[in-house]
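Residue numbers (our numbering): 8 to 62. Glycine is no exception: its CB is placed at the ideal position from the N, C-alpha and C atoms. From a predicted model like this one, the values you see are computed outputs, not experimental measurements.
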Amino acid sequence: RNNLKCGVCGEHGGDPASVEFFYNTGLNYVSCSPFRVPVARLAAAQAAIKAERNK
């Protein structure tokens, strides 16, 4: 479906290496515990920058 969103929930969603993998595979979101949110956001930003540089 065109409007289907896929993501990951749980502690795995806040792991920086996993966030980069999820970004590269095109997942729409990750969900994690509140204390992992800053790390997950930073990892997502770094993954986006890395992907842009590798174009």
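Count the other C-beta atoms from every protein chain shown that fall within 10 angstroms of the C-beta of residue i, then say buried if there are 16 or more, exposed otherwise.
i: residue 14; result: exposed
i: residue 33; result: exposed
i: residue 8; result: exposed
i: residue 39; result: buried
Identify, in the order they occur along the chain, each residue of the same chain with its Cβ nearer than 8 Å to the Cβ of residue i, setting aside the five sequence neighbours on each side.
i: residue 58; result: 30 and 31
i: residue 18; result: 39, 40 and 43
Quick check: residue i and residue j, are their CB atoms within less than 7 Å of each other?
i: residue 20; j: residue 37; result: yes
i: residue 54; j: residue 27; result: yes
i: residue 50; j: residue 23; result: yes
Among residues of its own chain, excluding the 5 on either side of residue i, which ones have a beta-carbon nearer than 7 Å to its beta-carbon?
i: residue 16; result: 38
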